[in-house]
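Data first, discussion second: the structure below is written as C-alpha cells.
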Amino acid sequence: MSVVVKRRARLASSGARAAYGVLDIGSNSIRLVVYEALTRAPMALFNERVQCGLGAGIDSTRRLDPDAIEPALGCLERFAHTANALGAGLLDVVGTAAIREAEDGADFVRLAKRRTGLDIRVISGIEEARLSALGAASAAPGLVGLVGDLGGASLELVEVVDGVPGQSSTLAVGPLRFKDADLKSARAVEAIERGFAPATWLGGMRGRSLHLVGGTWRALARLHMALKDYPLPIIHGHRLARTDAESLCRLVAGLSTKTMRKVASVPRRRQETLPFGAFVLGRLIARAQPSEVVFSAYGLREGLLYERLSAAERAADPLLAGGMEMSNRLGRGVEYGDALDLWLSEAFPAHEARDGLLRRVACLLADVSWRDHPDYRAKHAFHQVLRAPFVGLSHPERAFLAVAVSSRYRGASPGAEPIIEALLSPSRARVASGLGTALRIGALLSHGEPDLLQTARLSRNGDDKLRLTLRDVVEANFVRRLERLVEELASDLSIKHSEVRVGGPVDRSA
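Written as C-alpha cells, this is what we have:
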C-alpha cells in the first residue's frame, strides 16, 4: 500500500474531512494546490506551479499560444491524477484571462475535458477580481483598502470595505501583453496608462492600504527584503510606506533584463517580468495614493476556499484558527491552551487592542516543542512559531509570539536578537518575555493537565504587586523555584513587588 493510500485510509478512519484542491489555469502558469481540508486555517499538502504561457501573444493573435497548448494539457493530466491521489474530494478548476479572452478558449476547455475529465470553470474578470479580494481579505479580518492582483495578462483591482469586496476593475496590463515593451518609451507608457483608464474610482482610495497579490509582486517584496537586509524573510504581511514603495518601484522599473539576471534574490522565472511589475505598481500608487503597501500570500485560490466555508467558519479569526490547528498537531491541545489563557488573564490584561488574542494564541502554542530534545526546545519553538504558516497577524506580532513561546522554554534561538530588535520595541519584548515566563509557571504547576491549574491563582494589584497563590502546601525547593520565576515575571511587567503565598484561597472571587 502506498504512503498516499495509507494516509487517505487513516484520515477516513479518523473522520477527518476530505482534502480540497484548487487548480488555477492562468495566462502564464498553471498551479495546483491541495489543502488537507476545507478549514479556516488551511494547510497545503501539495503546491506546484508550472509555467506554460497559454496567454503569450494573445493581444495580437487573440488565440492561445499553440506551442503552449499541449504542455498545458499534459500538466492538467498530471495535476488531475495528483489531486485524486491526494484524496481531494472537491477540486475547483478555474480558468482566467487567457482562456476567457482567447477565440479558441472554449475549444481548449472542451479538449481538456476529453483528455483529463476536468470541468474548467472560466471565470469573468469581475469574478476573478472578487475572488482575489476575498482571499486577501480572509487573511486580514476587517480589511479596508484596495486589493491588486497582477496576473500574466491582467490586473484585477478591488475596493474592500470591512472585508467585503466592492467596486472593481479588470485591466489589460499584464506582463504577457507587454513582453517586449520598452518601459522607457512613450508608446509603452501611454499604453499602460490607457490600460488604467477604466479604473476611474481609484482616486477615492487615497489614504487606504494597498494589498498586493500575485507572484510578480511577491518577487518584488523578496527583492526589497534582500536590499534592506530585512531579518524576517516572510512575504505575507511585509509592509512598505508609500514613499518607500515608490522609491523601490523607480529603482526596479529602470533595471535591464541583463541586470535582473544578476539579482540572486529574485526567482529566475520572475526576472523578466519584475521591472514591468514594478512599473505598473508605481503607476497604481500614483493613481490611488495609498497610505502603505502590504504584500499578501492569499489571493484567488484562497478566495475560492474561503467561499466554500460555512458562515461560522468564515467569521472565525484566522490567527486563532491557525493557533488551534498547531496546538492540536504539535502542542497539548486546545483545551489546555484555553485553560492556560483563562488562568493568565488576571495577570495579563489586554492593554493593546490585540493583546487578548495574542495571549490566547501564545497559550495555545505554549508547548509546541514538548517532544523536542530539552537542549533545543527554545530554539525550535522560536523558529517554529516565527515561521508558522499563520495569517491575520503582522510581522511584529509574529516576533512577539515567538519570543513568548521560546521564553517559556527559558531562552531564545541564537541569532534571534536582530529579528527581535528590528520588530519589537524593548518594552514590547519584555512583555513577550514575561508572557513566556508566565507560561513556564503555568506549565510547572499543571504538567500539561488543565485541571491542575485550578490549584493556583496568578493575580496582580495594578503595578504594585504580583502574587502567585498555591492552594496546597508544596515542598520548599519548589516554592523557591516559583518565587524566582514570579520575581522575574514582575520585573518584566514593571510590577514593583512579588510574592508566592502557600495555602491560600485560589477562587477568583476571593
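Going by numbering that gives the first Met the number 0, the first residue of the sequence shown is number 0, and it counts up by one from there.
Beta carbons are placed, not taken as given, at the ideal position from N, Cα and C, and that holds for glycine.
Asked	Found
Quick check: Ser137 and Glu301, are their CB atoms within less than 9 Å of each other?	yes
DSSP on Ser490, reduced to helix/strand/coil?	helix
Just to confirm, is the Cβ distance from Ser153 to Pro197 under 9 Å?	no
Could you check what DSSP says for Gln270 in three-state terms: helix, strand or coil?	coil
Val505 bridges to which residues according to DSSP?	Its beta-bridge partners do not exist; DSSP assigns none.
From Asp491, Gln453 and Ala403, pick the residue whose C-alpha is nearest to that of Val505; which is it?	Gln453
Could you name each continuous beta strand (DSSP E) segment of 3 residues or more that falls completely within the segment 283-332, going from the start of the chain to the end?	291-294
Roughly how many whole angstroms lie between the Cα atoms of Leu37 and Leu304?	7 Å
Measure the C-alpha to C-alpha separation of Gly20 and Leu299 and round it to an integer number of angstroms.	13 Å
Taking all protein chains shown into account, decide if Arg507 is buried (16 or more other Cβ within 10 angstroms of its Cβ) or exposed.	exposed
Anyone know if the C-beta pair for Val293 and Arg238 falls short of 9 Å?	yes
Measure the C-alpha to C-alpha separation of Val93 and Met325 and round it to an integer number of angstroms.	30 Å
Can you give me the C-alpha to C-alpha distance between Asp463 and Leu451, rounded to a whole angstrom?	27 Å
Mind the definition here: the segment 397-410 touches the segment 375-389 only if three or more C-beta pairs lie below 8 Å; say whether that holds.	yes
Quick one: using the 10 Å Cβ neighbour count with 16 as the cut-off for buried, is Met42 buried or exposed?	exposed
Looking at the secondary structure, which residues open and close the beta strand (DSSP E) in which Gln453 lies?	It is not in any beta strand (DSSP E) - Gln453 carries neither H nor E in the DSSP assignment.
Considering only DSSP beta bridges, list what Phe477 is partnered with.	In DSSP, Phe477 forms no bridge with anything.
Once you ignore the five residues that flank Asp148 on each side, which residues in its own chain have a CB closer than 6 Å to its CB?	Ser131, Glu155, Val212, Gly213 and Gly298
In or out: Val4 buried (at least 16 other Cβ within 10 Å) or exposed?	At Val4, the pLDDT of 45 sits below 50, so the modelled position is not reliable; the number obtained from the coordinates is stated separately. Under this definition Val4 is an exposed residue.
Could you check what DSSP says for Phe275 in three-state terms: helix, strand or coil?	helix
Does the separation of the CB atoms of Gly447 and Ala361 fall below 9 Å?	no
Between Pro274 and Leu182, how many whole angstroms is the CB-CB distance? I'm expecting something under 8 Å.	6 Å
Could you please give me the residues that DSSP links to Tyr34 through a beta bridge?	Tyr19 and Ala43
Drop a sphere of 10 angstroms on the beta-carbon of Leu231, count the other beta-carbons inside from all chains shown, and report buried for 16 or more, exposed for fewer.	buried
Can the beta-carbon of Ile57 be found closer than 9 Å to that of Phe107?	no
Quick check on Arg328: buried or exposed, where buried means 16 or more other Cβ atoms within 10 Å of its Cβ?	exposed
I'd like to check one pair, Ala128 with Gly162: are the Cβ atoms closer than 9 Å?	no
With respect to the beta strand (DSSP E) encompassing Ser208, which residues constitute its N-terminal and C-terminal limits?	Ser208 to Val212
Measuring only the C-alpha atoms, how far is Ser493 from Val146?	41 Å
Rounded to the nearest angstrom, what separates Leu339 and Ile440 at their Cα positions?	10 Å
My output table needs one value for His496: the three-state DSSP class, helix, strand or coil.	strand
How is Asp243 classed by DSSP in three states: helix, strand or coil?	helix
Provide the residue span of the beta strand (DSSP E) that contains Arg205, from first to last.	Where Arg205 is concerned, there is no enclosing beta strand (DSSP E), given that its DSSP letter is neither H nor E.
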